[in-house]
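Engineer:
Structure representation (structure tokens):
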């Protein structure tokens, strides 16, 4: 039984059943906003449900940003009609959709709104119809629907709603109770439907995000708090300190991160209360007995968290950074805007490339990209951002290179919102995108260019090296948290304690001796000297192959490797 049901007395439940027999536009706006609030509270927990132990879990973030865009769209819209509010939410979600989970969420809202066309109020029968329309629209929006995902949870929600109608339920509150229970059970079943989830020991992150949306509505109606996450201490893999640093509050001058081992069991509630007196943007993670605390504090309190934690146990590492100093630097997006791009004229083919780092953006620009969009792991661009990147170009022939499997759906959704002739090349890595650029003939026919660029994706192998965020065994590779791991064409290839050894082993598995060129795109966590040393060792190991080194500037991934 869920908390919202467990803490409710009979009289309160009776009043809620009567109160929510129908919903109007104002009620829909309110409950959608509370669902967003609860999803945001548990955002990092959803992010941590990543199949691969890599630091790019972003499903929770994508769903929160999609829902925030949806709610922003309702500002200024009359809430007399539930149909008008539903369509505003759907349009906002469509334009703000980020990542696969965000796109599917926007499709769910699209179907939901379609069922409420012209409706002033929504009773339980209309609600059940809208949930079923949402399910159908979301399934149709995916080329190859996979069970054990957010789609399955949406289906089980729709089935639960229809079962409630069959049982004579007449209150939206009663139906919501059933929906939340069904979503909870559906999420728990996802590993049985999708073997890769079971192997990784996680449930589906998108399904969990959808559950939190509905549970947040039920918690708000039941007057339960929405600001206390289900897991007060996150797994270390769930911490996303890059995101935390993006939102710097006025008066918060320093970012403090402390790793420590408490000498006694940590009293989490008391710990949070003490930290709350010092600053904001508090995150706490734990892994194998080691805790990491993140906080933003004003200048006069920058040592206070360290002194407090020192009383609780043994500090193993401390990081203090001046947030105001960070703000003086241009963002990657601002710097990308200053990169000279190849001018494109009417009738020519324009290419939009998504790039995760400044160096990689420069590579795409040098190859003739007409527009650049910042994006990659943990920062998927929205449908609207992709759309805006090419809408003002003086040509109606556009090709998009997403260069990430989690951006493809948003890119395809952007093609449906323009009158231009736009094609998406399903590049899932930076090497694939760059290889596709070499196949581009800007003066040739659009159809031939699309065909050539699609065909080029099979001419290259891609490898990505990063640090494992948790201990797991996937694809018969045993990984320990903190080890270097490498993905080869999207599959976990090997793990180890030394980045160069992992790189060598991966290239060996890729049969690199049969290739001609190896290109290393080094990330923000490596120096040019380190990358050059790796390249020299590769040349000694494989003297017949040409090796190039390019500054990529990407975060999270120390190396992106192209093998062609």
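Residue numbers (the working numbering): -5 to 558.
Cβ coordinates follow ideal geometry from the N, Cα and C atoms, glycine included.
Three-state secondary structure (DSSP) at residue 134?
Structural biologist: In the structure shown, residue 134 adopts helical secondary structure according to DSSP, grouped into three states.
Engineer: Would residue 67 and residue 82 qualify as a contact pair, given that the criterion is a beta-carbon distance under 7 Å?
Structural biologist: yes
Engineer: Mind listing, in chain order, the continuous alpha helix (DSSP H) runs of no fewer than 4 residues lying wholly within the region 93 to 137?
Structural biologist: 93 to 108, 118 to 134
Engineer: Flag this pair as yes or no: are the beta carbons of residue 40 and residue 29 separated by less than 7 Å?
Structural biologist: no
Engineer: Give me whichever residues DSSP pairs with residue 432 in a beta bridge.
Structural biologist: Per DSSP, none; premise fails for residue 432.
Engineer: Taking the beta strand (DSSP E) that residue 279 falls in, what are its first and last residues?
Structural biologist: 274 to 281
Engineer: Ignore the nearest five residues each way along the sequence and tell me which others in residue 151's own chain have a CB closer than 8 Å to its CB.
Structural biologist: 125, 129, 173, 176, 177, 180, 204, 208
Engineer: Give me the Cα-Cα distance between residue 550 and residue 47, rounded to the nearest whole angstrom.
Structural biologist: 12 Å
Engineer: I'd like the list of long-range same chain contacts for residue 188, defined as Cβ closer than 8 Å, with 5 residues on each side in sequence excluded.
Structural biologist: 140, 141, 142, 143, 198
Engineer: Determine the closest residue to residue 491 out of 390, 505, 472, 69, with distance taken between C-alpha atoms.
Structural biologist: 472
Engineer: What do you get for residue 537, buried or exposed, if any count of 16 or more other CB atoms within 10 angstroms of its CB means buried?
Structural biologist: exposed
Engineer: For residue 485, is the classification buried or exposed, using 16 other Cβ atoms within 10 angstroms of its Cβ as the cut-off for buried?
Structural biologist: exposed
Engineer: Which residues in the same chain have their Cβ closer than 8 Å to the Cβ of residue 503, if we skip the five residues on either side of it in sequence?
Structural biologist: 482, 487, 488
Engineer: Between residue 167 and the rest of its own chain, which residues show a CB-CB distance below 6 Å, the 5 nearest in sequence each way excluded?
Structural biologist: 10, 11, 14
Engineer: Can you list, in chain order, the residues of its chain whose CB lies under 8 Å from that of residue 569, leaving out five sequence neighbours each side?
Structural biologist: Because the chain in this structure spans residues -5 to 558, residue 569 falls outside the shown range and cannot be described.
Engineer: Cβ atoms of residue 273 and residue 251: under 7 Å apart, would you say?
Structural biologist: no
Engineer: Output needed for residue 441: all residues of its chain with C-beta closer than 7 Å, excluding positions within five of it in sequence on either side, in chain order.
Structural biologist: Excluding positions up to five away in sequence, the list is empty.
Engineer: I'd like to know whether the C-beta atoms of residue 408 and residue 451 end up nearer to each other than 7 Å.
Structural biologist: No Cβ-Cβ contact shorter than 7 Å links residue 408 with residue 451.
Engineer: For residue 153 and residue 258, I'd like the C-alpha separation in whole angstroms.
Structural biologist: Rounded to whole angstroms, residue 153 to residue 258 spans 47 Å at the Cα level.
Engineer: Using only the alpha-carbon positions, how far apart do residue 500 and residue 516 sit?
Structural biologist: 16 Å
Engineer: Return the CA-CA distance between residue 323 and residue 160, expressed in angstroms with no decimal places.
Structural biologist: With a pLDDT of 40 at residue 323, under the threshold of 50, the modelled position of this residue cannot be trusted; read the value that follows with caution. Annotation: residue 323 to residue 160 spans about 60 Å, alpha carbon to alpha carbon.
Engineer: I'd like to confirm the pairing. Which residues does DSSP put opposite residue 391 in its beta bridges?
Structural biologist: Paired residue(s): 343, 415.
Engineer: Could you give the distance in angstroms between the alpha-carbon of residue 285 and the alpha-carbon of residue 493?
Structural biologist: For residue 285 and residue 493, the distance between alpha carbons rounds to 25 Å.
Engineer: Near residue 330, what residues of its chain come up, given a Cβ to Cβ distance below 8 Å and the 5 sequence neighbours on each side ignored?
Structural biologist: 349, 352, 355, 366, 368
Engineer: What is the DSSP secondary structure of residue 380, counted as helix, strand or coil?
Structural biologist: helix
Engineer: Are residue 465 and residue 475 closer than 7 Å when you measure CB to CB?
Structural biologist: yes
Engineer: Quick one: what's got a C-beta closer than 6 Å to residue 61's C-beta in the same chain, skipping five residues either side?
Structural biologist: 30
Engineer: So, helix, strand or coil for residue 297, using DSSP?
Structural biologist: coil
Engineer: Scan the region 471 to 507 and note each continuous beta strand (DSSP E) run of 3 residues or more that stays entirely inside, going in chain order.
Structural biologist: 471 to 473, 478 to 482, 485 to 490
Engineer: Rounded to whole angstroms, how far is the Cβ of residue 132 from the Cβ of residue 101, which I believe are closer than 8 Å?
Structural biologist: About 4 Å; that satisfies the 8 Å criterion.
Engineer: Assuming residue 345 and residue 364 form a contact by the criterion Cβ under 8 Å, report the distance between their Cβ atoms to the nearest whole angstrom.
Structural biologist: 6 Å
Engineer: Please state the DSSP three-state secondary structure of residue 164.
Structural biologist: Three-state DSSP puts residue 164 in coil, outside helix and strand.
Engineer: So the candidates are 260, 292, 267, 296; which of them puts its Cα closest to the Cα of residue 280?
Structural biologist: 260
Engineer: Report yes or no: do the region 390 to 398 and the region 413 to 423 share at least 3 C-beta pairs separated by less than 8 Å?
Structural biologist: Three or more Cβ pairs drawn from the region 390 to 398 and the region 413 to 423 lie within less than 8 Å of each other, which places the two stretches in contact.
Engineer: Using a 10 Å radius around the Cβ and a threshold of 16 neighbouring Cβ atoms, would you call residue 337 buried or exposed?
Structural biologist: exposed
Engineer: Among 267, 108, 546, 202, which has the Cα closest to the Cα of residue 518?
Structural biologist: 546
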